[in-house]
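A.B. asks: There's a structure below that I have some questions on.
There are 2 protein chains.
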Amino acid sequence: MLEDIDFKRTVDPEEYRALIDALEIKVAELHRRTKDAGIPVIIVFEGWDASGKATMINRLLLAMDPRIFTVHPITAPTAEESARPWLWRFWTKTPSRGRIAIFDKSWYYRVMEERVDHLVDEERWMRAYGHINSFERNLVDDGNVLIKFFLHVTEEVQEKRLRKLRRRTTSAWRLIQQEWKHHKHYDDYLEAIEDMLEKTDTRPCTWHIVPSHDERTANVRIFETVIESLEKGISSSDAPVAGSRAAPTRGKKNGKPQQVLPRVDLSLTMDEEEYDRRLKACQEKLVELSNDVKLAQIPVSIMYSGWDAAGKGGNIKRLVQRLDPRSYKVIPIIVPTDEELAHHHLWRFWRELPPAGRIAIFDRSWYGRVLVERIEGYCREDEWRRAYHEINEMEQQWTDDGMVLIKFFLHIDKETQLERFRERENIPHKRWKITEDDWRNREKWGLYEEAIEDMLRFTDTKYAPWTIIESNSKMFSRIRTLEKITGDIERAL
Amino acid sequence: MLEDIDFKRTVDPEEYRALIDALEIKVAELHRRTKDAGIPVIIVFEGWDASGKATMINRLLLAMDPRIFTVHPITAPTAEESARPWLWRFWTKTPSRGRIAIFDKSWYYRVMEERVDHLVDEERWMRAYGHINSFERNLVDDGNVLIKFFLHVTEEVQEKRLRKLRRRTTSAWRLIQQEWKHHKHYDDYLEAIEDMLEKTDTRPCTWHIVPSHDERTANVRIFETVIESLEKGISSSDAPVAGSRAAPTRGKKNGKPQQVLPRVDLSLTMDEEEYDRRLKACQEKLVELSNDVKLAQIPVSIMYSGWDAAGKGGNIKRLVQRLDPRSYKVIPIIVPTDEELAHHHLWRFWRELPPAGRIAIFDRSWYGRVLVERIEGYCREDEWRRAYHEINEMEQQWTDDGMVLIKFFLHIDKETQLERFRERENIPHKRWKITEDDWRNREKWGLYEEAIEDMLRFTDTKYAPWTIIESNSKMFSRIRTLEKITGDIERAL
């Protein structure tokens, strides 16, 4: 995509002053309107070293209100970042509604610097393209305006600029050592960049290639593109929502799809003696495994979903009972905060992810979107329909990075739930466990059944399959989950 | 404090079961009541290696709801943590109202591991005691219940336990290498621990020393202490607020204290030619200095406060105009989120602090507490009175760690403000800058004057002095701030 770039168009220096002033006022007005409209905006600056990225970002920032934007300079990942799925550091930096995030380098770091400098193996950077496209589509689908710039200069211009920089001061010289190294590999970079531009120039996440031999011309081009994109974002945020491209729809050719829950054998049970023996064995094994997981720095996430009173809490208690508190983290998913609500629905799960080596235990999960939020109308239909695909992609990104991801659905029947609700009401120190919400949810059993069947069908993937746990018997349920966990971790080690 | 510990008291194994069950139910009830009452709770576990910390924390956790607590295992600081004032990693982990934070090791890491293993020099760990006491007092004054445990075992018991651990498995052996190393320095640790217990056993942040030779006995002791502390916390949260010990009061012996603002010479001005010349020189120097600051990893924070329309925004614009966006971060202080409101008022400033080497620019600041929050009644009087001292301590902790901290107050007179407000109303692309709030604040000019005088008097410290900027002339104001910044950074380098 770079060979067609026209370096000839230039802006007349005389006209520049008036032009850029007018553009600046326009940007200032528009970015306030995106704030008022609650539109999150992401502006990505990629480009060659010495293409003038810093200067141009700064020029753009001067038109904007610091209370609205945040700049994220991206360099090599820190140890904390490397201990998570690689997109973690970008997910956690996505802007909340009405804010602007400006990335000085970005997630393309992986397919440029990390690829060319051989910091990750080929398999990983190749796979990154799919992750990137999915990440960007997630954001755009969620209403983000995403603007991607690539600042282009030729090899000759790059060399000239680096020489000039080197002459300036001693400190500058020390700061551009890496840039010189990269310059010597201009051709390798060229290959990587061409590849990247081609593979990630998707609709609506297109690249804007900015010829950057002349600063003024580049500035005007950037301002114009930002103005155009913000205007488009503002006008389409008023438009009615179109159907999502990834929305699965119910009903297949051959009539009603097969139901999963009715086929679960809820009569399965276990006697106490066997329970005690197998519980002890599992818990002892888990202590060992949690050490091994730590030493091997393997990421493990265990997720519990299920009916109210299906025994999630009791299950988790047995899981962690003998573990060192430093080896796990329980992440209860409760009502989102206003900060969480102002982001993509998956943001808070990315954010909570502990580093590799520490077992993450989710008490409820990202499936709330397609269960309670669907049923209670906390999100629009196109949003929860799109979520199946978004969730699958997130789980794939996690497991691609070597995560052991275990998803449990604890199934009980309606009678068992009633018994347990009554028991909770009758035992004083268990009474806090039962609220009016639980009774209200129970009335919607049928709706939940339908939503659960959809969830199990659309998100039961090769890389992150569901495990349905027969949970009418608490003892049976606990042993099943624990043995599944020890088995999966052992296989991964 | 350790020599008096009585290892003889033990709990009868027969009675233990019933006793711990009753205690567990009590803890379960109380920790839910702290949640409902919005009380933040911090439980610190310190102790010898192999004193059974992990087991005892886990035993306590089993009585609690994972939706209420978070466990923070503390080890050596990461690179990101080391690039901030040392308490940063603990401030950012303080619980929000109604939540419980459990620290498995804590801020005492500095005066134990880091001291004994010579990871920080003596001056730094000595100074840490003052920081720790101030940190804890801040939290308790803000309504936190703070419970500190030290689990004590003798040298013989420690050795026996480590030997047993080593025999267990190969992986365990690798995990306890450091513990063996520490064991060899039992006496050095003993000295450090005695010192620590003595220097940080303050009212109301006392230590609870738990003899831990017998697990059951220790568990009972921990549960009883937690119960007692939570009960006390709940009952005192209902009590009326007493006057704060650190509250400064107005009026000194010799009548009215001297006013600062009337003595500021607002007639100072600068002609445009001189402005252009000095602006250019400053901005060029700043580019150099920002490189040096990065290379030397010096933390720099620049804070702007001042009247509405005093020129904070324009000042900041000139400061960053030529800087590389990677070298600074503008932190606009706006209305706090619900997550921020649920923490100590200084929490969000700690949280926003960029790493050393990246210049932090605060647009408004932590002084909102003693200005707008005081005047609008967003906090109680004892809270804003206490804040002067809390702010001083925070600033001291930051500068103790080598930070260059520059605090500007931009002063203008009432007439100048009026002119600027009118100008904003009359120029279309400046109109967003003026809101009804600005006019309302203007009506309270006298109250603000009083609050500002108090602020300047109570927080003008040796380590973090105020610089009042004569800002009736925008050009004069900008050059004054820029030259102050370059001067201070040069001195620090």
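Chains B and U are the protein sequences, given in the same order. Note that our numbering has the first sequence beginning at 1, numbered continuously upward. Note that our numbering has the second sequence beginning at 1, numbered continuously upward. All residues carry an ideal CB built from backbone N, CA and C; glycine is no exception.
Reducing DSSP to helix, strand and coil, say where D363 of chain U ends up.
C.D. replies: Along the second sequence, one-based indexing puts residue 363 of chain U at 363. D363 of chain U: strand per DSSP, three-state reduction.
A.B. asks: Restricting to Cα atoms, I'd like to know which of U:I375, U:A360, U:G306 and U:M270 is closest to V320 of chain U.
C.D. replies: Mapped onto the second sequence, residue 320 of chain U falls at position 320. Minimum Cα distance to V320 of chain U is reached at U:A360.
A.B. asks: Mark Q158 of chain B as exposed unless 16 or more other C-beta atoms lie within 10 angstroms of its C-beta, in which case mark it buried.
C.D. replies: By 1-based counting over the first sequence, the position of residue 158 of chain B is 158. Result: buried.
A.B. asks: What does W432 of chain U reach in chain B if we use C-beta pairs closer than 7 Å?
C.D. replies: As a position in the second sequence, residue 432 of chain U is number 432, starting the count at 1. Simply R32.
A.B. asks: Just by C-beta distance, which residues in the stretch 314-330 of chain U are closer than 9 Å to chain B?
C.D. replies: I316, K317, V320, Q321, R322, L323, D324, P325, R326, S327, Y328, K329 and V330
A.B. asks: Hey, T78 of chain U and E80 of chain B: beta-carbon distance below 7 Å or not?
C.D. replies: Locating residue 78 of chain U in the second sequence gives position 78, counting from the first residue. Locating residue 80 of chain B in the first sequence gives position 80, counting from the first residue. Going by C-beta atoms, T78 of chain U is nearer than 7 Å to E80 of chain B.
A.B. asks: What did DSSP end up calling T459 of chain U once you bin it into helix, strand or coil?
C.D. replies: If you number the second sequence from 1, residue 459 of chain U lands on position 459. It is coil, neither helix nor strand.
A.B. asks: Taking buried to mean at least 16 other C-beta atoms within 10 Å of its own C-beta, is A387 of chain B buried or exposed?
C.D. replies: Along the first sequence, read from residue 1 onward, the residue named residue 387 of chain B stands at position 387. So A387 of chain B ends up on the buried side.
A.B. asks: Can you tell which of U:H344, U:S96 and U:D195 has the C-alpha that lies nearest to the C-alpha of C379 of chain U?
C.D. replies: In the second sequence, the residue the question calls residue 379 of chain U occupies position 379. Here the closest residue by C-alpha is U:H344.
A.B. asks: Quick check: what's the CA-CA separation for K8 of chain B versus E215 of chain B?
C.D. replies: The residue given as residue 8 of chain B occupies position 8 in the first sequence. The residue given as residue 215 of chain B occupies position 215 in the first sequence. Distance between the alpha carbons of K8 of chain B and E215 of chain B is about 13 Å.
A.B. asks: Kindly list the residues whose CB is nearer than 8 Å to the CB of E136 of chain B, restricted to its own chain and excluding five residues on each side of it in sequence; keep chain order.
C.D. replies: Walking along the first sequence from the start, residue 136 of chain B turns up at place 136. Once the five neighbours on either side are set aside, the close Cβ partners of E136 of chain B are L146, T200, T202 and C205.
A.B. asks: When DSSP labels each residue in this structure, what does D238 of chain U get in the three-state scheme?
C.D. replies: Counted from its first residue, the second sequence places residue 238 of chain U at position 238. It is helical.
A.B. asks: Classify M303 of chain U as helix, strand or coil using the three-state DSSP reduction.
C.D. replies: Numbered from 1 along the second sequence, position 303 holds the residue referred to as residue 303 of chain U. Looking at M303 of chain U - three-state DSSP - the assignment turns out to be strand.
A.B. asks: Can you name, in chain order, every residue of its own chain whose Cβ lies under 8 Å from the Cβ of L197 of chain U, other than the five neighbours on each side?
C.D. replies: Numbered from 1 along the second sequence, position 197 holds the residue referred to as residue 197 of chain U. Only M1, L2, F150, W207 and I209 meet the Cβ criterion.
A.B. asks: Check the C-beta distance from I479 of chain B over to R278 of chain B and give it rounded, since I have them as a contact under 8 Å.
C.D. replies: The count along the first sequence starts at 1 and reaches residue 479 of chain B at position 479. The count along the first sequence starts at 1 and reaches residue 278 of chain B at position 278. 5 Å between Cβ atoms; contact.
A.B. asks: For a minimum of 4 consecutive residues, which ranges assigned as the alpha helix (DSSP H) are wholly contained in the stretch 413-447 of chain B?
C.D. replies: Taking only runs of at least 4 residues, the alpha helix (DSSP H) segments lying wholly in the stretch 413-447 of chain B are 414-426 and 436-443.
A.B. asks: Determine the DSSP secondary structure at L139 of chain U, reduced to helix, strand or coil.
C.D. replies: For this step, residue 139 of chain U is matched to residue 139 along the second sequence. In the structure shown, L139 of chain U sits in a helix (DSSP, three-state: H, G or I).
A.B. asks: Do the stretch 178-191 of chain B and the stretch 42-58 of chain B touch if we need at least three Cβ pairs shorter than 8 Å?
C.D. replies: yes
A.B. asks: So if I threshold CB-CB distances at 7 Å, which residues from the stretch 76-106 of chain B count as touching chain U?
C.D. replies: T78, A79, E80 and D104
A.B. asks: Considering only the alpha carbon of each residue, which of B:G311, B:R491 and B:R348 lies closest to F408 of chain B?
C.D. replies: The residue you call residue 408 of chain B lines up with position 408 of the first sequence. When B:G311, B:R491 and B:R348 are compared, the shortest CA-CA separation from F408 of chain B is found for B:G311.
A.B. asks: Hey, quick one: how far does the alpha helix (DSSP H) through H72 of chain B stretch, first residue to last?
C.D. replies: One-based indexing of the first sequence puts residue 72 of chain B at position 72. Following the DSSP letters along the chain, one finds H72 of chain B in no alpha helix (DSSP H) but inside the beta strand (DSSP E) bounded by residues F69 to P73.
A.B. asks: Runs of 3 residues minimum, wholly inside the stretch 144-224 of chain B: which ones carry the beta strand (DSSP E) assignment?
C.D. replies: 145-152 and 207-211
A.B. asks: Listing by chain order, which chain B residues have their CB less than 8 Å from the CB of N58 of chain U?
C.D. replies: Residue numbering aside, residue 58 of chain U sits at position 58 when the second sequence is read from its first letter. Proximity of chain B to N58 of chain U at the Cβ level (cut-off 8 Å) is accounted for by V320, Q321, R322, L323, D324 and P325, in chain order.
A.B. asks: To which residues of the same chain is I68 of chain U closer than 7 Å at the C-beta, ignoring the five residues directly before and after it?
C.D. replies: Here residue 68 of chain U refers to the residue found at position 68 of the second sequence. Correct list, in chain order: H31, K35, R99 and I100.
A.B. asks: Give the single residue among U:R161, U:T225 and U:E339 whose Cα lies nearest to the Cα of V27 of chain U.
C.D. replies: One-based indexing of the second sequence puts residue 27 of chain U at position 27. It is U:T225 whose Cα lies nearest to the Cα of V27 of chain U.
A.B. asks: Please identify, using Cβ separations under 9 Å, the residues of the stretch 357-368 of chain U that lie next to chain B, in order along the chain.
C.D. replies: R358, I361 and D363
A.B. asks: Is DSSP giving H411 of chain U helix, strand or coil here?
C.D. replies: Residue numbering aside, residue 411 of chain U sits at position 411 when the second sequence is read from its first letter. Of the three classes helix, strand and coil, the one that applies to H411 of chain U here is strand, per DSSP.
A.B. asks: How is the alpha helix (DSSP H) around D287 of chain U delimited, first residue to last?
C.D. replies: Against the second sequence, residue 287 of chain U aligns to sequence position 287. Note that residue 287 of chain U corresponds to Val in the displayed sequence, not to Asp. Note, V287 of chain U: alpha helix (DSSP H), E272 to A296.
A.B. asks: Evaluate the contact criterion for the stretch 450-469 of chain U versus the stretch 405-423 of chain U: three or more CB pairs, one atom per stretch, below 8 Å.
C.D. replies: yes
A.B. asks: Any idea what DSSP makes of P66 of chain U, helix, strand or coil?
C.D. replies: On the second sequence, residue 66 of chain U is found 66 positions in, with the first residue counted as 1. Of the three classes helix, strand and coil, the one that applies to P66 of chain U here is coil, per DSSP.
A.B. asks: Within the chosen definition, does the stretch 325-337 of chain U reach the stretch 346-365 of chain U through at least 3 CB pairs nearer than 8 Å?
C.D. replies: yes
A.B. asks: List the residues of chain U that R67 of chain B touches, going by C-beta distances under 8 Å, in chain order.
C.D. replies: Here residue 67 of chain B is taken as the residue at index 67 of the first sequence, counted from 1. Scanning chain U for C-beta atoms nearer than 8 Å to the C-beta of R67 of chain B yields P332, I334 and D363, reported in chain order.
A.B. asks: On the three-state DSSP scale, how would you describe T10 of chain U?
C.D. replies: Position 10 of the second sequence, counted from the first residue, corresponds to residue 10 of chain U. Three-state result, T10 of chain U: coil.
A.B. asks: Judging by CA-CA distance, which residue of B:E352, B:R326 and B:P325 is the nearest neighbour of P336 of chain B?
C.D. replies: As a position in the first sequence, residue 336 of chain B is number 336, starting the count at 1. If we check each option's Cα against that of P336 of chain B, B:E352 comes out closest.
A.B. asks: Among B:R369, B:L456 and B:W350, which has the Cα closest to the Cα of F90 of chain B?
C.D. replies: Here residue 90 of chain B refers to the residue found at position 90 when the first sequence is read from its first residue. When only C-alpha atoms are compared, the closest one is B:W350.
A.B. asks: Restricting to Cα atoms, I'd like to know which of B:A37, B:E155, B:N138 and B:E114 is closest to E393 of chain B.
C.D. replies: The sequence position of residue 393 of chain B within the first sequence is 393, counting from 1. Shortest Cα-Cα distance from E393 of chain B to any of B:A37, B:E155, B:N138 and B:E114 involves B:N138.
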